[in-house]
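Enquirer:
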Amino acid sequence: MITPCKELSIREVPFDVSVSENASAFRATTVRVSKKKAYILAAIRALLARSGRDSFTPAQVVAEIKRRGTGYADATIRTMVTGHMCRNAPDNAGTTYDDLERINRGVYRLNRNGHADDRLQR
Numbered sequence: 384m385i386t387p388c389k390e391l392s393i394r395e396v397p398f399d400v401s402v403s404e405n406a407s408a409f410r411a412t413t414v415r416v417s418k419k420k421a422y423i424l425a426a427i428r429a430l431l432a433r434s435g436r437d438s439f440t441p442a443q444v445v446a447e448i449k450r451r452g453t454g455y456a457d458a459t460i461r462t463m464v465t466g467h468m469c470r471n472a473p474d475n476a477g478t479t480y481d482d483l484e485r486i487n488r489g490v491y492r493l494n495r496n497g498h499a500d501d502r503l504q505r
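If you read the sequence shown in the numbering used here, its first letter stands for residue 384, the second for the next number, and so on.
1) Of the residues 482, 494, 492, 487, which one's Cα is nearest the Cα of residue 419?
2) Using only the alpha-carbon positions, how far apart do residue 428 and residue 461 sit?
3) Of all the options 436, 459, 458, which has the alpha carbon lying nearest to the alpha carbon of residue 491?
4) Would DSSP call residue 487 helix, strand or coil?
5) Keeping to the same chain, check which residues put their C-beta closer than 8 Å to that of residue 441; ignore five residues upstream and five downstream.
6) If we ignore side chains and look at the alpha-carbon of each, how far apart do residue 495 and residue 449 end up?
7) Are the CB atoms of residue 470 and residue 353 within a distance shorter than 8 Å?
8) Nearest to residue 480 by CA position, among 467, 487, 474, is which residue?
9) Give the DSSP bridge partners of residue 493, in chain order.
10) Have a look at 477, 452, 472 and flag the residue whose alpha-carbon is nearest the alpha-carbon of residue 487.
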């Protein structure tokens, strides 16, 4: 059972990262990805709480994020869900995290063994 959570706007997403003026390009990229991840995870949790299900499709996530009114492109959201945030993404995904798990073609769920944080899987 997914616990309902407060729906957050893009400005309210919990995001605590300090970046010095001398931060490397890699660190700056990591910060941007982390903010996207936090927002996408909040949208997924709200979607699951509302639907009562434990799985979702990338299209549902895109619709939820559009409903919330962000500036993220649909392709960016889909890439994050199907590639970067998915622990069993194809090898061409580059850096992946263990937030989500693909359970069927086009169907995903929050990874029960992961911690939905910034830990790299590979």
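Cβ coordinates follow ideal geometry from the N, Cα and C atoms, glycine included.
Expert: According to the structure shown:
1) Residue mapping note: residue 419 aligns to position 36 of the sequence shown, counting from 1. Residue 482 is the option with its Cα nearest to residue 419.
2) Against the sequence shown, residue 428 aligns to sequence position 45. Against the sequence shown, residue 461 aligns to sequence position 78. Cα to Cα, residue 428 sits roughly 16 Å from residue 461.
3) Here residue 491 refers to the residue found at position 108 when the sequence shown is read from its first residue. That would be 436, whose Cα lies nearest to the Cα of residue 491.
4) Position 104 of the sequence shown, counted from the first residue, corresponds to residue 487. It is a strand residue.
5) Position 58 of the sequence shown, counted from the start, is the residue given in the question as residue 441. Counting only Cβ-Cβ distances below 8 Å, and skipping sequence neighbours, we find 460, 461, 464, 465, 489, 491.
6) Within the sequence shown, numbered from 1, the residue matching residue 495 stands at position 112. Within the sequence shown, numbered from 1, the residue matching residue 449 stands at position 66. Those two C-alpha atoms are separated by around 26 Å.
7) The chain is shown only over 384 to 505; residue 353 falls outside these bounds and no answer can be derived.
8) Locating residue 480 in the sequence shown gives position 97, counting from the first residue. Closest by alpha carbon: 467.
9) Indexing the sequence shown from 1 puts residue 493 at position 110. DSSP output for residue 493 lists 483 as bridge partner(s).
10) By one-based count along the sequence shown, residue 487 stands at place 104. If we check each option's Cα against that of residue 487, 472 comes out closest.
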